[in-house]
Amino acid sequence: MPSSRNIRWQPSVIDRKSRSWIKGQRPCLIWLTGLSGSGKSTIADALEHRLHACGRHTYLLDGDNLRHGLNRDLGFSAEDRCENIRRVGEVGALMVDAGLIAIAAFISPFRADRDLVRALLPECFVEVHVSTPLSVCEERDPKGLYRKARAGELKQFTGIDSPFEVPEAAELTIDTSTLTVEEAVDRICNYMVAAGYIDSF
Ligand code: ADP
């Protein structure tokens, strides 16, 4: 709800349907959720590359990148994480409205926050749980964050001293300890075809 009663929704003649028609695609938000180091950014990047190569108009929303700009005022308290996801959900919804296939890679550890984004995008939200086990993520530790968290230098780190709430009804679950990046991308693209977002890849 807007903060003032004087703010009204301004309708536009050109809507999501007309914008996506011109692109020949059905827009959606592919939402990758999972522990740090589970492979979200790597898969998101490879997925965008694959979709772009077959002529799809995409946009990648990456957690770390957005924290450099739009979300740079936010930290990692439960409240800030919630606001982080709320903003990304709103941006994702605008992108879907623009006719794009948006891909979001965010730890997004809380179920309620992810469900709020799902509610913003009825019938075009694809939740992908990147379910790589903590032990594998910690062994990879691509940013050295698990080491810092274990040493007590980093507080409220998901999987260590902050919870990750596993999705209960994700459209897809991908464990990168048993799948290659390309196999993970194949799975997502196959789902997108089956669900009618793209006709081929
Ligand atoms: P996240 O975005 O979830 O924090 P990243 O994608 O940044 O994770 O890091 C995952 C790390 O795991 C990268 O260094 C990547 O190269 C490595 N990795 C190894 N195997 C895979 C795989 N099958 N899928 C995705 N990432 C993998």
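By this note's numbering, the letter at position 145 of the sequence shown is numbered 136, and the numbering carries on one by one without gaps.
Where is the CB? At the ideal position from N, CA and C, for every residue including glycine.
Nearest to residue i by alpha carbon, out of the options?
| i | options | result |
| --- | --- | --- |
| residue 148 | 3, 68, 116 and 64 | 68 |
| residue 163 | 151, 181 and 169 | 181 |
| residue 127 | 179, 87, 169 and 78 | 169 |
| residue 88 | -5, 130, 35 and 113 | 113 |
| residue 134 | 116, 70, 66 and 29 | 29 |
| residue 151 | 139, 159, 106 and 35 | 139 |
| residue 154 | 49, 1 and 146 | 146 |
| residue 35 | 186, 136, 132 and 165 | 165 |
| residue 99 | 8, 186, 22 and -2 | 22 |
| residue 72 | 59, 97 and 93 | 97 |
| residue 6 | -4, 18 and 80 | 18 |
| residue 101 | 121, 156, 84 and 70 | 156 |
| residue 54 | 80, 46, 45 and 70 | 80 |
Please report the Cβ distance between residue i and residue j, rounded to the nearest whole angstrom; I am assuming they are in contact, meaning their Cβ atoms lie under 8 angstroms.
| i | j | result |
| --- | --- | --- |
| residue 26 | residue 91 | Not a contact, Cβ separation roughly 27 angstroms. |
| residue 24 | residue 172 | Actually they do not touch by this definition, with Cβ atoms about 17 angstroms apart. |
| residue 75 | residue 56 | Actually they do not touch by this definition, with Cβ atoms about 12 angstroms apart. |
| residue 158 | residue 118 | 6 angstroms |
| residue 93 | residue 38 | Not really, about 11 angstroms apart at Cβ, beyond 8 angstroms. |
| residue 95 | residue 20 | 6 angstroms |
| residue 175 | residue 167 | 6 angstroms |
| residue 77 | residue 107 | 7 angstroms |
| residue 192 | residue 58 | At roughly 30 angstroms, the Cβ-Cβ gap does not stay under 8 angstroms, so residue 192 and residue 58 are not in contact. |
When burial is assigned at 16 or more other CB atoms within 10 Å of the CB, is residue i buried or exposed?
| i | result |
| --- | --- |
| residue 13 | exposed |
| residue 183 | buried |
| residue 115 | buried |
| residue 189 | buried |
| residue 11 | buried |
| residue 16 | buried |
| residue 8 | exposed |
Open item on the list: Just to confirm the assignment: which complete alpha helix (DSSP H) runs, minimum length 4, are found wholly within the stretch 93 to 122?
Closed with: You should have 102 to 111.
TODO: Please specify which runs of the alpha helix (DSSP H), each continuous and at least 4 residues long, are wholly inside the stretch 8 to 75, giving them in chain order.
DONE: Within the stretch 8 to 75, the complete alpha helix (DSSP H) runs of at least 4 residues are 31 to 44 and 54 to 57.
Task: Start-end ranges of the beta strand (DSSP E) lying completely within the stretch 122 to 183, minimum 3 residues - done: List check, beta strand (DSSP E) in window: 163 to 165.
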